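Each protein sequence line maps, in turn, to chains A and B. If you read the first sequence in my numbering, its first letter stands for residue 37, the second for the next number, and so on. If you read the second sequence in my numbering, its first letter stands for residue 37, the second for the next number, and so on.
Number of protein chains: 2
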Amino acid sequence: MTVDGRVARGDRTRTAALDAAVVLATEVGLHGLSLAQLADALGVSKSGLFAHWGSKEALQLATVDRAVEQQQERIIRPALRAPRGVRRLWALHQARIDFFAARVLPGGCFFASADFEYNARPGPIRDRLAEAFGRWTAFLEDLVREAVAAGELPADVDVAQLAYEIDALGITAAMRSRLLDPDTAYRHARQGLLNRLRALCPDPTLLPEGIS
Amino acid sequence: MTVDGRVARGDRTRTAALDAAVVLATEVGLHGLSLAQLADALGVSKSGLFAHWGSKEALQLATVDRAVEQQQERIIRPALRAPRGVRRLWALHQARIDFFAARVLPGGCFFASADFEYNARPGPIRDRLAEAFGRWTAFLEDLVREAVAAGELPADVDVAQLAYEIDALGITAAMRSRLLDPDTAYRHARQGLLNRLRALCPDPTLLPEGIS
DNA sequence: AAACAATACGACCGGTCGTGCTTTTTGATT
DNA sequence: AATCAAAAAGCACGACCGGTCGTATTGTTT
């Protein structure tokens, strides 16, 4: 494995740019993101930045991909440390809300912002977002299915329905935490799922008695 | 009351412009909305349009207000025809989802789109949106409280919590109906609330047996 | 040492944006 | 018919946008 100092430098610039782009996109939108703004924030020239992707759309697509990676690292991976079943479901919900509460992204949730921004704008970016959304939904449903398979949820539970409700509680927390009282929003998101899971799960010891 | 044909003409232009602005804002965003685009869509000149508000921000604020009126007319008013209690709660949820399904707005929900767009952009527009969001939340909680007062929901129900969950089911329907399968999204939003209310309401005859 | 390739840069293009300034059209008043 | 104000249009401006181009810098290869 050769270490080319030139491409290493380029990689560093690219990654730093995409990380900044994810943050900026939740503030001014994925479309509102401008090369000049991003270049300023990074202290590099606009054209130098532009050369890395060749078009704004390519940069936007790369930004979406980077956001997916960050979601994987900061929300999904921590949740996977919990054992399969309702505990993992609960851990994912917690990790998601913790991520919002940590204010890593000013807008709360990159995907919710971008999805609403592009849900009426056909094109490659919308397609990429829809694909990521589909995978996220499928992942949620997988976790629910695992809980059913482990006997921690009744066999007749509507998997897609429960996954929908979990997602809904989380998205709304991202939304309300930025416009209304954040703590109230997080509390409702947590309490909502805890109530739901405790009502479904036959083993009460798998879940906390109350939200922290 | 004198009817001045000139100001009447101005009013007509203004209203038509705001209606178009609400639609356009759910496509390209409230910030992305441009005077030239709006003027083109209406067949008037950019400067003539501009003169009605004096600034873009004033136009944006007026657009938010118009969206509030439309929400009142198309979602809240129809729901208020149902009797107080769980039936009105259910009617509101239905009216909201019907509104999304009718594709009146390409983006689904003006407020969800605008709220995510501005939740990290301080300023008068964000303030106006937050105010409208607060009123909407308070309205939902009032409807829940009425249902409790009517004995159609248990007295110990967490009012704000239930209102949060109802809102969450609706917002997520707006989001998913544009990126994933619309009918599935509407079904989950409806089934979610129906399950919830049927579990809480002592009188099963007040609610439909299944979603339509 | 010479040739080469990956970054990065500053200057610049055509185009669109919001906005101000001036003029024309339109409808009410006398 | 003459006067006047509201509405709409025409025009120009400075700022910013995405994108192109030629060039300088830097590190690798031979």
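Glycine is no exception: its CB is placed at the ideal position from the N, C-alpha and C atoms. Note that this is a predicted model, so its numbers are computed, not measured.
Using a Cβ-Cβ cut-off of 7 Å (strictly less than) and excluding sequence neighbours within five positions of GLN106 (chain A), which residues of its own chain qualify? VAL58
Just reading off the alpha helix (DSSP H) that PRO218 (chain B) is part of, what are its end residues? 218–236
Along the chain, where does the alpha helix (DSSP H) that runs through ILE207 (chain A) open and close? 195–215
Chain-ordered residues of the stretch 46–76 of chain A with a beta carbon less than 7 Å from chain B: Along the stretch 46–76 of chain A, going in chain order, the ones with a CB nearer than 7 Å to a CB of chain B are THR62, GLU63, GLY65, HIS67, GLY68.
What runs of the alpha helix (DSSP H), each 4 residues or longer, lie entirely inside the stretch 80–142 of chain A? Taking 4 residues as the shortest admissible run, the stretch 80–142 of chain A contains the following complete alpha helix (DSSP H) segments, listed from N- to C-terminal end: 82–86, 92–107, 122–137.
Taking only beta-carbon atoms, is PHE169 (chain B) less than 8 Å away from chain A? Output row for PHE169 (chain B): interface = yes.
On the DSSP letters alone, give me the boundaries of the alpha helix (DSSP H) that ILE161 (chain B) sits inside. 160–185
So HIS224 (chain B) contacts chain A; which residues on that side make the cut at Cβ distance below 8 Å? ALA196, GLN197, TYR200, GLU201
Can you look up ARG157 (chain A) in the DSSP assignment and give me helix, strand or coil? coil
Which residues in chain A have a C-beta closer than 7 Å to the C-beta of ARG214 (chain B)? List them in chain order. ASN155, ALA156
Using a C-beta cutoff of 8 Å, does SER149 (chain B) count as contacting chain A? yes
State yes or no: is the C-beta of ALA221 (chain A) within less than 8 Å of the C-beta of ARG232 (chain A)? No; because the gap between Cβ atoms is not below 8 Å, this pair is not in contact.
Can you find a CB in chain A that lies within less than 8 Å of the CB of THR173 (chain B)? yes
Check whether ILE111 (chain B) and ARG132 (chain B) have beta carbons under 8 Å apart: yes
Residues near ARG120 (chain B) in its chain [Cβ-Cβ closer than 7 Å; skip 5 each side]: GLU182, ALA186
Just by C-beta distance, which residues in the stretch 92–117 of chain A are closer than 8 Å to chain B? none
8 Å Cβ cut-off: residues of chain B touching ILE207 (chain A): ALA204, ILE207, THR208, MET211
From this set, A:LEU60, A:ALA191, A:VAL195, A:ARG162, which residue's C-alpha is nearest LEU78 (chain A)'s C-alpha? A:LEU60
The stretch 127–139 of chain A: positions lying closer than 9 Å to chain B by Cβ: Listed in sequence order: no entries.
What separation, rounded to the nearest whole angstrom, lies between the Cα atoms of ILE161 (chain A) and ASP217 (chain B)? 18 Å
Would you kindly check if the distance between the Cβ of LEU176 (chain B) and the Cβ of ILE207 (chain B) is under 8 Å? For ILE207 (chain B) and LEU176 (chain B), no; Cβs fall outside 8 Å.
Simplified DSSP assignment, three categories, for ASP192 (chain B): coil
For THR51 (chain B) and LEU95 (chain B), what's the separation of their Cα atoms in angstroms? 11 Å
I want to verify the contact list: residues of chain A whose CB lies under 7 Å from the CB of LEU233 (chain B), in sequence order. Listed along chain A is no residue with a C-beta nearer than 7 Å to that of LEU233 (chain B); the closest approach is about 14 Å.
Nearest to LEU71 (chain B) (by Cα), restricted to the options B:ALA148, B:SER81, B:ALA44: B:SER81
If you check the beta carbons only, do GLY143 (chain A) and PHE152 (chain B) fall under 8 Å apart? yes
Tell me the rounded alpha-carbon separation between THR49 (chain B) and ARG102 (chain B). 14 Å
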